[in-house]
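Participant: Sharing a structure here in structure tokens format.
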Amino acid sequence: MNGQEFLDILTSRKSIRRYKPDPVPDEMIDMILEAARWAPTGENYQPWRFIVIRDQETRNKIGDLSKQGSGSRMTSWYCLNELQQRFEGIEDPEKRAGVLEFMYSGRVSEFCKQAPVIFAVIGDLQIGSVDVPYDLCAAMENMILQAHAMGLGSCWVYGPVASTRDAIRFKKILGIPTGFGDFKVLSYLAVGWPKEQRKHPRPKLPLEEMVYWEKFGNKERP
Amino acid sequence: MDKTKYCNEVLARVEELMYQELSGMAYWKCEFVGVDFIRSHKIQGSTVPEIVESCAAVMKAEGIVSDVAYKTGGDGVMLKMTVQGCMHHGKEAHVKAEGVRPYICPIANMVLDQIHEKLKYTTSYLTKIAIDEERNRCLLYMALYETPDMIGHVTDWLKDDEDRKWLESQGSQILAAADRKKKE
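Protein chains in written order, with the numbering used here: chain G, 1 to 222; chain C, 223 to 406.
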């Protein structure tokens, strides 16, 4: 594979939130986990641990928690007229109302109930040195790219662990120790066969708006 | 020694590093900051107003705040508190002066914690912390969800709110990028 081919994998990826009910084969699950295992990690500590969840009841609980987390925030943002401003770019009033309802109801984050498999990505705070959150993010990215390279869709979901109270609930669902110094829950990754064709590519800022040369703010390439 | 000043300086430094690590997400992570104090007191009540009043009485008696006014609305989802003379006001002013929206309010956290502990609400969310330096007060808007079906129950919290105009001039959690663009 050359550089352009790898870049093609990166640029064709998108977050998928609707999945076919078909299961993800064990071999593919193993490859996703293998990809995670090879992520960069500070001092090779490998603090990551993964919980593979296919049980429908557990996914329902996590889906409900995700819905609750997102919905509780967005309902109140709507009530203070902030969520409406966030989506005022949608011109069609009916469409905008539909999007807003989808957001504040929390349904936007409920989709893991339909994903055949989800991976909880957690970090052992007793093993990692100083880089646990960053190591976990690197592992997550590897998993996303591996899934995409195999034709699977995935979505990195933070909703159910965004607040500390919800993170504890999430840990309890999965039996993860809840002590101060035990485990960090990064989030989970929902994976399945894509059922949607989302508009792609999503708009991305041009490099000129994000790259500086030699010093902050210097946009001129020397 | 000014213990309040010392305490706020320490907290502000911790908030700085939290913000550097988590950016705006820090806002969602700090709901337990301050709750140990209120848990060590005997808060009583079987309704939201009773819990708020019980917490406020303790906080006033201990010198954490000088006054707390509150109102409920939004069919029971909204709790608004107006806090006067909070000992953490200096910390909030410092954070705000750095261009960061205040994101840790021990006062709100204490009240929400006791609503969870005593009334067993499904969930809650501290939606808005607005610091009014001129009047030495803070406005806090919180969402309370007694049952899961109240999530998604939307009303206009600001319809008859006397602070609406001032509040709309304050920063928003979710409009940061848009706010920046407007300034440019």
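Ideal Cβ placement from N, Cα and C applies to all residues, glycine included. Please read all numbers here as calculations on a predicted model, not as lab measurements.
1) In whole angstroms, give me the CA-to-CA distance for Leu205 of chain G and Glu88 of chain G.
2) Could you work out which residues of chain C lie near Ala162 of chain G, taking near to mean beta carbons separated by less than 9 Å?
3) Taking buried to mean at least 16 other C-beta atoms within 10 Å of its own C-beta, is Phe102 of chain G buried or exposed?
4) Any Cβ of chain C within less than 8 Å of the Cβ of Arg49 of chain G?
5) When we look at the beta-carbon of Glu214 of chain G and count the other beta-carbons within 10 Å, is it buried (16 or more) or exposed?
6) What does a CB cutoff of less than 6 Å around Leu17 of chain G pick up in its chain, not counting 5 residues either side in sequence?
7) Would you call the stretch 2 to 13 of chain G and the stretch 183 to 198 of chain G in contact, with 3 or more CB pairs under 8 Å?
8) I'd like the list of long-range same chain contacts for Ile302 of chain C, defined as Cβ closer than 8 Å, with 5 residues on each side in sequence excluded.
9) What is the rounded straight-line gap between the Cα of Lys405 of chain C and the Cα of Gly393 of chain C?
10) Closest Cβ-Cβ distance between Arg274 of chain G and chain C: below 8 Å?
11) Does the CB of Phe254 of chain C have a neighbour CB from chain G at under 8 Å?
12) Taking 8 Å as the CB-CB cut-off, is Thr75 of chain G touching chain C?
13) Reducing DSSP to helix, strand and coil, say where Val262 of chain C ends up.
14) Is the shortest distance between the beta-carbon of Thr344 of chain C and the beta-carbons of chain B less than 8 Å?
15) Please list, in chain order, all residues of the same chain as Gly285 of chain C whose beta carbon is under 6 Å from its beta carbon, the five residues on each side excluded.
16) Can you grab the Cα-Cα spacing for the pair Arg402 of chain C / Glu82 of chain G, in whole Å?
17) For Ser66 of chain G, which residues from the same chain have a beta carbon less than 7 Å from its beta carbon, with the 5 sequence-adjacent residues on both sides left out?
18) Would Gly71 of chain G pass as an interface residue toward chain C - the criterion being a Cβ-Cβ separation below 8 Å?
19) Please report the straight-line C-alpha distance between Cys327 of chain C and Ser268 of chain C, rounded to a whole angstrom.
Facilitator: Let's see:
1) What you label residue 205 of chain G is simply residue 205 of the first sequence in a count that begins at 1. What you label residue 88 of chain G is simply residue 88 of the first sequence in a count that begins at 1. Each residue's Cα considered, the two are about 20 Å apart.
2) In the first sequence, residue 162 of chain G corresponds to position 162, counting from 1. Chain C residues near Ala162 of chain G: Met247, Trp250 and Lys251.
3) In the first sequence, counting from the first residue as 1, residue 102 of chain G sits at position 102. Result: exposed.
4) Sequence index remark: in the first sequence, residue 49 of chain G carries index 49 (1-based). Taking Cβ atoms only, chain C never reaches closer than 8 Å to Arg49 of chain G, which makes this a no.
5) Translated into positions along the first sequence, residue 214 of chain G becomes position 214. The C-beta of Glu214 of chain G has fewer than 16 other C-beta atoms within 10 Å across all chains shown, which makes the residue exposed.
6) Here residue 17 of chain G refers to the residue found at position 17 when the first sequence is read from its first residue. In the sequence under discussion, the amino acid at residue 17 of chain G is Arg, which differs from the Leu named in the question. Here the set comprises Phe111 and Cys155.
7) no
8) Indexing the second sequence from 1 puts residue 302 of chain C at position 80. This sequence places Lys at residue 302 of chain C; Ile is not what is there. Correct list, in chain order: Tyr292, Lys293, Thr294, Gly295, Leu361, Leu362, Tyr363, Met364, Trp379 and Asp383.
9) Position 183 of the second sequence holds residue 405 of chain C. Position 171 of the second sequence holds residue 393 of chain C. Because the pLDDT of Lys405 of chain C is 44, which lies under 50, any placement of that residue in the model is unreliable, and the question is left without a value.
10) Examination of residue 274 of chain G is not possible in this model, given that chain G is present from 1 through 222 alone.
11) The residue given as residue 254 of chain C occupies position 32 in the second sequence. Yes, Phe254 of chain C counts as interfacial toward chain G.
12) The sequence position of residue 75 of chain G within the first sequence is 75, counting from 1. Closer than 8 Å: yes.
13) On the second sequence, residue 262 of chain C is found 40 positions in, with the first residue counted as 1. The residue asked about is misnamed: residue 262 of chain C is Ser in this sequence, not Val. Coil.
14) Within the model displayed, chain B is absent; protein chains G and C are what it includes.
15) On the second sequence, residue 285 of chain C is found 63 positions in, with the first residue counted as 1. Correct list: empty, nothing qualifies.
16) Within the second sequence, the letter at position 180 stands for residue 402 of chain C. Within the first sequence, the letter at position 82 stands for residue 82 of chain G. Unreliable placement is indicated for Arg402 of chain C, whose pLDDT of 46 sits below 50; the coordinate value is still reported in the next sentence. Answer to the nearest angstrom: the Cα atoms are 15 Å apart.
17) Position 66 of the first sequence, counting from 1, holds the residue named residue 66 of chain G. Counting only Cβ-Cβ distances below 7 Å, and skipping sequence neighbours, we find Ser109, Glu110, Cys112, Val157, Gly159 and Pro160.
18) Residue mapping note: residue 71 of chain G aligns to position 71 of the first sequence, counting from 1. Yes, Gly71 of chain G counts as interfacial toward chain C.
19) In the second sequence, the residue the question calls residue 327 of chain C occupies position 105. In the second sequence, the residue the question calls residue 268 of chain C occupies position 46. Distance between the alpha carbons of Cys327 of chain C and Ser268 of chain C: 24 Å.
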